[in-house]
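In the numbering used here, the protein residues as written are 332 to 654. Single-structure report; data block below.
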């Protein structure tokens, strides 16, 4: 497993991290806690040292599974504070006092510390963001105090879905250690302005949704169905599934001796960008861990392959369920 420097923190993190949304609740269909713990430990054994979770992933259930699986291990753990008003994404006119008041930031931090069974959270992130909040000092003071008290080591934000330019002012402010953003073969937009800004200000980048919620795994067909409660039934509703399968089938035509599988193609595309500190695929099962972590040991994609992949950018937003 190769490591990368996590922005100004100087941490050396595994370039393939563990995205823990899928193990927290039934958003991805039925979960098995024993299987989740096995996959977490398999990831650690494979060299993964960066684990990304959030309180809303099962009301702390994902955090508690990580605590169980990684007890005593020096992993770097990132979690997220949900907006108090449950507004996803926030409006630019929403006051900070409704989303991240001081008492909420502190109580959520204490709650996650208890779930994770740790004295310090390596990276605490706001789960939504708007640059309008830059003009409010309340959150800055709250984060500064938590750092001073040793309850958190670094602070970041999870940028709203498909809105990479909505945190450019924050990145330039020097007040944030990392940003988490959707970046994959379909959504290549962060590379235009966000990545250069992060490079300039030494802000770490966590690339989420590397497989487009399954669309880039190559496993979906026109006949694919999802369990009741699986959010992908909404994400791929209507013509979304057909459009995605058609796009993925075109990508399959690029598989050759250089790249053999769609998941490998998706991950190696992301890792080809040096501004990415880590990408966080979900991997609820041990065989997913083996497949995903293997991408880190591969050679860089050729310039010809990267040029072809740039042609497959697909601007759209299937996250209507959050609106």
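Glycine is no exception: its CB is placed at the ideal position from the N, C-alpha and C atoms. Fair warning: this is a prediction, and the values are worked out from it, not measured in the lab.
Please return the same chain residues whose Cβ sits closer than 8 Å to the Cβ of residue i, not counting the five positions on each side in sequence.
i           : result
residue 551 : 545, 567, 572, 575, 576, 579
residue 501 : 460, 462, 465, 488, 507, 510
residue 359 : 352, 353, 561, 562, 563, 613, 615
residue 648 : 492, 493
residue 534 : 338, 339, 502, 507, 508, 509, 510, 528
residue 532 : 502, 503, 505
residue 402 : 448
In whole angstroms, what is the alpha-carbon distance linking residue i and residue j?
i           : j           : result
residue 425 : residue 338 : 30 Å
residue 417 : residue 589 : 44 Å
residue 356 : residue 613 : 13 Å
residue 524 : residue 595 : 26 Å
residue 450 : residue 504 : 28 Å
residue 448 : residue 395 : 8 Å
residue 623 : residue 347 : 8 Å
residue 437 : residue 455 : 11 Å
residue 409 : residue 591 : 31 Å
residue 538 : residue 420 : 18 Å
residue 341 : residue 627 : 20 Å
residue 482 : residue 413 : 18 Å
residue 480 : residue 453 : 13 Å
residue 377 : residue 332 : 7 Å
residue 364 : residue 495 : 33 Å
residue 617 : residue 366 : 8 Å
residue 443 : residue 493 : 27 Å
residue 584 : residue 440 : 46 Å
residue 554 : residue 381 : 35 Å
residue 407 : residue 599 : 22 Å
residue 398 : residue 343 : 21 Å
residue 469 : residue 345 : 33 Å
residue 610 : residue 601 : 7 Å
residue 639 : residue 629 : 19 Å
residue 404 : residue 644 : 39 Å
residue 415 : residue 625 : 39 Å
residue 336 : residue 497 : 24 Å
residue 570 : residue 445 : 43 Å
residue 427 : residue 349 : 30 Å
residue 386 : residue 549 : 30 Å
residue 603 : residue 587 : 18 Å
From the DSSP output, read off the bridge partner residues of residue i.
i           : result
residue 539 : 513
residue 343 : 336
residue 609 : 537
residue 483 : 452
residue 489 : 511
residue 350 : 383, 613
residue 545 : Answer is none; residue 545 lacks a bridge partner.
residue 419 : Paired residues: none, contrary to the question.
residue 457 : 412, 488
residue 645 : DSSP output for residue 645 lists no bridge partner at all.
residue 358 : 360
So, at 7 Å on beta carbons, what are the nonlocal neighbours of residue i in its own chain, with the 5 sequence-adjacent residues on each side left out?
i           : result
residue 606 : 526, 529, 530, 536
residue 400 : 368, 371, 372
residue 597 : 515, 516, 541, 542, 547
Would you verify that the beta carbon of residue i is, or is not, closer than 7 Å to some beta carbon of chain C?
i           : result
residue 560 : As a matter of chain content, chain C is missing from the structure shown, which is built from one protein chain.
Please report the residue range of the beta strand (DSSP E) in which residue i lies.
i           : result
residue 411 : 407-412
residue 381 : 381-383
Would you give the residue range spanned by the alpha helix (DSSP H) that residue i belongs to?
i           : result
residue 434 : 433-447
residue 580 : 571-583
residue 599 : 593-602
residue 397 : 392-400
residue 526 : 525-532
residue 566 : 563-566
residue 376 : 364-376
residue 661 : Outside the displayed range of the chain (332 to 654) lies residue 661, so it cannot be described from this structure.
residue 427 : 427-430
residue 522 : No alpha helix (DSSP H) holds residue 522; DSSP gives it neither H nor E.
residue 558 : No alpha helix (DSSP H) contains residue 558, which DSSP labels as neither H nor E.
residue 627 : Neither: residue 627 is in no alpha helix (DSSP H) and is coded neither H nor E.
residue 639 : 634-641
residue 503 : 499-504
Within a Cβ cutoff of 6 Å, which residues of the same chain sit near residue i, ignoring the five residues on either side of it in sequence?
i           : result
residue 558 : 360
residue 485 : 340, 454, 508
residue 519 : 644
- Inter-stretch contact (C-beta, 8 Å, three-pair minimum) for the stretch 618-634 and the stretch 561-571: A contact between stretches requires three or more CB pairs, one per stretch, nearer than 8 Å, and the stretch 618-634 fails this requirement with the stretch 561-571.
- Do the stretch 511-524 and the stretch 466-480 touch if we need at least three Cβ pairs shorter than 8 Å? Three or more Cβ pairs closer than 8 Å define a contact, and the stretch 511-524 falls short of that threshold against the stretch 466-480.
- Given 8 Å as the limit, is there contact between the stretch 427-437 and the stretch 382-393, that is, 3 or more CB pairs closer than that? The stretch 427-437 vs the stretch 382-393: no contact.
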